[in-house]
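From first to last, the protein sequence lines are chains A and B. Under full-length UniProt numbering, the first residue of the first sequence carries the number 1, and numbering increases by one thereafter. Under full-length UniProt numbering, the first residue of the second sequence carries the number 1, and numbering increases by one thereafter. Where a beta carbon is used, it is the ideal one built from N, C-alpha and C, also for glycine. Written below as structure tokens is the structure these notes are about.
Number of protein chains: 2
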Amino acid sequence: MTTPRIAIDAMGGDEGVRVMIEGAAEARRRHDQFQFLLVGDETRIQAALAEHPNLRGTSEILHCDDVVGGDEIPTQALRRAKTTSMGLAVNAVKQGNAGAAVSAGNTGALMAMSKLALRTMPGIDRPALAAVMPTLEDDDVIMLDLGANTEADARNLVQFAIMGAAYSRIILGRKPRVRLLNIGTEEIKGFDRLRDAAAELQEATGLDMDFDGYVESDKINRGEVDVVVTDGFSGNIALKAIEGTARFVTDLLRAAFTSSIRSKVGFLVSRPATELLKHHLDPNNHNGAVFLGLNGVVVKSHGSATAGGVAHAVTVAAKLLEANLTDRITADLNALQSRAQGAPTE
Amino acid sequence: MTTPRIAIDAMGGDEGVRVMIEGAAEARRRHDQFQFLLVGDETRIQAALAEHPNLRGTSEILHCDDVVGGDEIPTQALRRAKTTSMGLAVNAVKQGNAGAAVSAGNTGALMAMSKLALRTMPGIDRPALAAVMPTLEDDDVIMLDLGANTEADARNLVQFAIMGAAYSRIILGRKPRVRLLNIGTEEIKGFDRLRDAAAELQEATGLDMDFDGYVESDKINRGEVDVVVTDGFSGNIALKAIEGTARFVTDLLRAAFTSSIRSKVGFLVSRPATELLKHHLDPNNHNGAVFLGLNGVVVKSHGSATAGGVAHAVTVAAKLLEANLTDRITADLNALQSRAQGAPTE
Numbered sequence: 001m002t003t004p005r006i007a008i009d010a011m012g013g014d015e016g017v018r019v020m021i022e023g024a025a026e027a028r029r030r031h032d033q034f035q036f037l038l039v040g041d042e043t044r045i046q047a048a049l050a051e052h053p054n055l056r057g058t059s060e061i062l063h064c065d066d067v068v069g070g071d072e073i074p075t076q077a078l079r080r081a082k083t084t085s086m087g088l089a090v091n092a093v094k095q096g097n098a099g100a101a102v103s104a105g106n107t108g109a110l111m112a113m114s115k116l117a118l119r120t121m122p123g124i125d126r127p128a129l130a131a132v133m134p135t136l137e138d139d140d141v142i143m144l145d146l147g148a149n150t151e152a153d154a155r156n157l158v159q160f161a162i163m164g165a166a167y168s169r170i171i172l173g174r175k176p177r178v179r180l181l182n183i184g185t186e187e188i189k190g191f192d193r194l195r196d197a198a199a200e201l202q203e204a205t206g207l208d209m210d211f212d213g214y215v216e217s218d219k220i221n222r223g224e225v226d227v228v229v230t231d232g233f234s235g236n237i238a239l240k241a242i243e244g245t246a247r248f249v250t251d252l253l254r255a256a257f258t259s260s261i262r263s264k265v266g267f268l269v270s271r272p273a274t275e276l277l278k279h280h281l282d283p284n285n286h287n288g289a290v291f292l293g294l295n296g297v298v299v300k301s302h303g304s305a306t307a308g309g310v311a312h313a314v315t316v317a318a319k320l321l322e323a324n325l326t327d328r329i330t331a332d333l334n335a336l337q338s339r340a341q342g343a344p345t346e
Numbered sequence: 001m002t003t004p005r006i007a008i009d010a011m012g013g014d015e016g017v018r019v020m021i022e023g024a025a026e027a028r029r030r031h032d033q034f035q036f037l038l039v040g041d042e043t044r045i046q047a048a049l050a051e052h053p054n055l056r057g058t059s060e061i062l063h064c065d066d067v068v069g070g071d072e073i074p075t076q077a078l079r080r081a082k083t084t085s086m087g088l089a090v091n092a093v094k095q096g097n098a099g100a101a102v103s104a105g106n107t108g109a110l111m112a113m114s115k116l117a118l119r120t121m122p123g124i125d126r127p128a129l130a131a132v133m134p135t136l137e138d139d140d141v142i143m144l145d146l147g148a149n150t151e152a153d154a155r156n157l158v159q160f161a162i163m164g165a166a167y168s169r170i171i172l173g174r175k176p177r178v179r180l181l182n183i184g185t186e187e188i189k190g191f192d193r194l195r196d197a198a199a200e201l202q203e204a205t206g207l208d209m210d211f212d213g214y215v216e217s218d219k220i221n222r223g224e225v226d227v228v229v230t231d232g233f234s235g236n237i238a239l240k241a242i243e244g245t246a247r248f249v250t251d252l253l254r255a256a257f258t259s260s261i262r263s264k265v266g267f268l269v270s271r272p273a274t275e276l277l278k279h280h281l282d283p284n285n286h287n288g289a290v291f292l293g294l295n296g297v298v299v300k301s302h303g304s305a306t307a308g309g310v311a312h313a314v315t316v317a318a319k320l321l322e323a324n325l326t327d328r329i330t331a332d333l334n335a336l337q338s339r340a341q342g343a344p345t346e
């Protein structure tokens, strides 16, 4: 294998080139065997690189003038796949010029471009967007799909479970506990598709996961489950409800702490505690949503991520590349298929 | 109108009779024109009443031996509608013996019994479960459906919007801001049913609400919206994600505050601030989910609610009864129907 290389869309994100380059430089210090392909405006990239000699020496610049807009409709952006920094970063993966691409640009456009250029891998019908969230315990939890597919049938959900488990194993280094997201209202519990997916995952042997039915959304962050599988609509709602509530509670806390002199003093004294909380909940420490199920690794960095957040997203890409994510998914898919061929169900 | 009366299922809930009676007594102190029908084991109710003379004087006891189990399947509980405390409380509303029923028992059973006994009100196809949540601002936000219907079409969603708006107006005393819950992933934004419901609500005139499209789940608690409308699956996921995350963050905070002597001291000093936060997030202060769309008011108190929580749920029932919730819903339904008849859409 040649030196692994990561393509960075240097133009995406609210802060643009400077933050993307600084983030890549920070990631490079952690993964010093990686090379980088920096895609975007050469002059601005060169200016940003001046402060990061460690990255400069191991990077190639691919110049382009065009950038995908944040509000651009994906189908429209798709037509400029060959001229934009986002399109060229993804295309580098397709051409084998890079093993993974990282972009902080328009999510819908990145998804559309990645799907078209890289295609779904054998055995996967639809790619899914997966993110990592903190839990009460040390280990993080992965949730997917988060919006790549508004709806998902039982077959899609089973594939999402396999992809999420492969991703989780790379992070955790052990067999992950996988659950389907469901609601608990007695009789009307779930849909047929959830029941069917649960049955298939329960009966499958040889899958490298510990599947055990359902989880409700109030248990996602308890540290009792490693992978939460759902359709893109429910997943997006759960993810944003979690993000929004974490912000809501910390905003309330801030308001409470500044409500009196006494509480301000208490805040200062207990600062190490609140800093710990802030660190644990800081989205930059979990930045980098992954498009799973494509022939190549594509990671979406949040538009508002700091350089530290970008570094985290690049590190995610590097880890998935090192661990051969795609091969791991294929192994589980084969296990499922050989079972289906051995004992065909309806 | 005769003296309004509220039927209390005294047997439901984790804590049983004592908490239910104490809660009713607390609510009675706030709404002293209300009468109560206490349904359940007479001996235990009498014992609990001994401590609450204010409630005793204005209550009638309806004795029964049978109780719906917490894990009981709704269809099974339904067969004992005429013998259980839950069934008899709901039945009192049907018979006109009470204007509203409050139970802390099995949600699915309460929903099934209420639907069967009270039937959906004219113009409503399906009842919905609505709950109130805190926001960053002073006003609370209402969300529905939370699990009465796993799926909902455009027509259901429009009816949910009307029911939620009527409920919200009673709490807020002003025209509520109503939004449909959706995800923001550019191209694939929402389903047809969301688009259709939005179009109908946007075009309707004479509705007593301020409808303006969609809200994402990270904005539910920002205080920018008063009613969030969705299907029961998504609503249940959003509600529990919010509840779970609020608990998650406060658990992290507790862990952080006890991580060192210094932060423990800071915690003590800033106690008023954290108490404020606790008060704001305490589910007891928002207890009482309402089944909207039935011919009568039914309120579900949380199984683990304190007496203060039960009092809140009983107060919700009293308010909805006083404000004639059902009439308000009918008025908006008529506005919608007269428009539909004037200018029929497909």
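Any idea if K300(B) is buried or exposed, counting beta-carbon neighbours within 10 angstroms, 16 or more meaning buried?
Buried, because 16 or more other Cβ atoms sit within 10 Å of the Cβ of K300(B).
Terminal residues of the continuous alpha helix (DSSP H) containing A101(A)? Taken as a continuous stretch (DSSP letters only), A101(A) belongs to no alpha helix (DSSP H), being part of the beta strand (DSSP E) at A100 to S103.
Answer yes if the stretch 46-61 of chain A comes into contact with the stretch 20-27 of chain A, meaning at least three C-beta pairs across the two stretches below 8 Å, and no otherwise. A contact between stretches requires three or more CB pairs, one per stretch, nearer than 8 Å, and the stretch 20-27 of chain A meets this requirement with the stretch 46-61 of chain A.
According to DSSP, is T330(A) part of a helix, a strand, or is it coil?
Looking at T330(A) - three-state DSSP - the assignment turns out to be helix.
Worksheet item: So, do the stretch 237-247 of chain B and the stretch 258-270 of chain A have three or more beta carbon pairs nearer to each other than 8 Å?
Response: With a cut-off of 8 Å, the stretch 258-270 of chain A and the stretch 237-247 of chain B do not count as touching, because too few Cβ pairs lie within range.
Exercise for the section: Could you run through the stretch 270-296 of chain A and flag, in chain order, every residue whose CB is less than 8 Å away from some CB of chain C? Expected result: Here the protein chains are A and B, and chain C is not one of them.
Flag T245(A) as yes if its beta-carbon sits less than 7 Å from any beta-carbon of chain B, otherwise no.
Output row for T245(A): interface = yes.
Could you work out which residues of chain A lie near E216(B), taking near to mean beta carbons separated by less than 7 Å? By Cβ distance, chain A contributes K240.
| task | Would you kindly work out how many angstroms separate the C-alpha atoms of A101(B) and V90(B), rounded to a whole number? | result | If you take the alpha carbons of A101(B) and V90(B), they lie about 6 Å apart.
- Enumerate in chain order the residues of its own chain whose CB-to-CB distance from G16(B) is below 6 Å, with the five nearest sequence positions on each side excluded. Result list for G16(B): empty, nothing under 6 Å.
- Message: To test your reading of the DSSP string, which unbroken beta strand (DSSP E) runs of 3 or more residues are found completely within the stretch 17-64 of chain B?
- Response: For the stretch 17-64 of chain B, whole beta strand (DSSP E) runs of length 3 or above, ordered along the chain, are 35-40 and 59-63.
Exercise. Label G296(A) either buried or exposed according to how many other C-beta atoms from any shown protein chain fall within 10 Å of its C-beta, with 16 as the threshold for buried.
Key: Buried, because 16 or more other Cβ atoms sit within 10 Å of the Cβ of G296(A).
Exercise for the section: Could you tell me whether any Cβ in chain A is nearer than 7 Å to the Cβ of I237(B)? Expected result: Yes, its Cβ sits closer than 7 Å to a Cβ of chain A.
At least one CB of chain B closer than 7 Å to the CB of G147(A): is that the case?
Yes - at least one Cβ of chain B is within 7 Å of the one on G147(A).
Quick one: what's V297(B) bridged to in DSSP?
Secondary-structure assignment with DSSP links V297(B) through a beta bridge to A100(B).
Point to revise | Residue closest to I170(A), alpha-carbon to alpha-carbon, out of Q202(A), V290(A) and L136(A) | key: Nearest to I170(A) by C-alpha distance, out of Q202(A), V290(A) and L136(A), is V290(A).
Notebook entry, point to check: Using DSSP with H/G/I as helix, E/B as strand and the rest coil, what is F267(B)?
Noted result: DSSP places F267(B) in the helix class (H, G or I) of the three-state scheme.
| For I124(A) versus V132(A), is the C-beta distance shorter than 7 Å? | Inclusion of I124(A) and V132(A) in the CB contact set at 7 Å is not warranted, their separation being larger than that value.
Quick check: the Cα distance between L320(B) and Y167(B), rounded to an integer number of angstroms?
Computed Cα separation, rounded: 7 Å.
Item to complete: Might you give, ordered along the chain, the residues of its own chain that have their beta carbon closer than 7 Å to the beta carbon of I45(A), omitting 5 neighbours on each side?
Response: Once the five neighbours on either side are set aside, the close Cβ partners of I45(A) are A10, V17, I21, L38 and I61.
Could you check whether the stretch 67-79 of chain A touches the stretch 105-116 of chain A, counting it as contact only if at least three pairs of C-beta atoms, one from each stretch, sit closer than 8 Å? With a cut-off of 8 Å on Cβ pairs, the stretch 67-79 of chain A is in contact with the stretch 105-116 of chain A, counting three or more such pairs.
- Message: Is it buried or exposed, D71(A), if we count other Cβ atoms within 10 angstroms and call 16 or more buried?
- Response: Exposed: under 16 other Cβ atoms inside 10 Å.
*Residues of chain B with a CB under 8 Å from the CB of L144(A): which are they?*
None at all; the shortest Cβ gap to chain B is about 13 Å.
Does any residue of chain B have a CB that is nearer than 7 Å to the CB of A256(A)? At least one chain B Cβ lies under 7 Å of A256(A).
### Query
How far does the beta strand (DSSP E) with V141(B) in it reach, from first residue to last?
Its beta strand (DSSP E) spans residues V141 to L144.
Query raised in the report: Can you list, in chain order, the residues of the stretch 47-71 of chain B whose Cβ is nearer than 8 Å to any Cβ on chain A?
Result: Sequence-ordered contacts of the stretch 47-71 of chain B with chain A are nonexistent [C-beta pairs closer than 8 Å].
Which residue from T58(A), A7(A), L333(A) and A305(A) puts its Cα closest to that of V93(A)? Comparing Cα-Cα distances from V93(A) to each of T58(A), A7(A), L333(A) and A305(A), the minimum goes to A7(A).
Original post:
Among the residues of its own chain, which have a CB less than 7 Å from the CB of D139(A), if the five just before and after it don't count?
Top reply: Taken in chain order, the residues that qualify are L172, G223 and D226.
In the DSSP assignment, the beta strand (DSSP E) including R177(A) goes from what residue to what residue? Residues R177 to L181.
Exercise for review: For A148(A), name the three-state secondary structure that DSSP assigns.
Suggested key: Correct three-state label for A148(A): coil.
Do G12(B) and S103(B) have their C-beta atoms within less than 7 Å of each other? Yes, they are a contact pair.
I need the DSSP call for M11(A), collapsed to helix, strand or coil. Here M11(A) sits in coil by DSSP.
Proximity winner among H280(B), Q337(B) and H31(B), relative to G206(B) (alpha-carbon distances)
The shortest C-alpha separation from G206(B) is found at Q337(B).
Check your understanding: Considering only residues of the same chain and omitting the five flanking positions on each side of E42(A), which have a CB-CB separation below 8 Å?
Key -> Answer for E42(A): I61 and H63, listed in chain order.
(message) For R80(A) and D66(A), which I take to be in contact (beta-carbon distance under 8 Å), what is that distance rounded to the nearest angstrom?
(response) For a cut-off of 8 Å, the C-beta gap from R80(A) to D66(A) is around 6 Å, short enough to register as a contact.
Subject >> C-beta contact flag for N54(A) and R30(A) at 7 Å >> reply: The answer is no: Cβ separation not under 7 Å.
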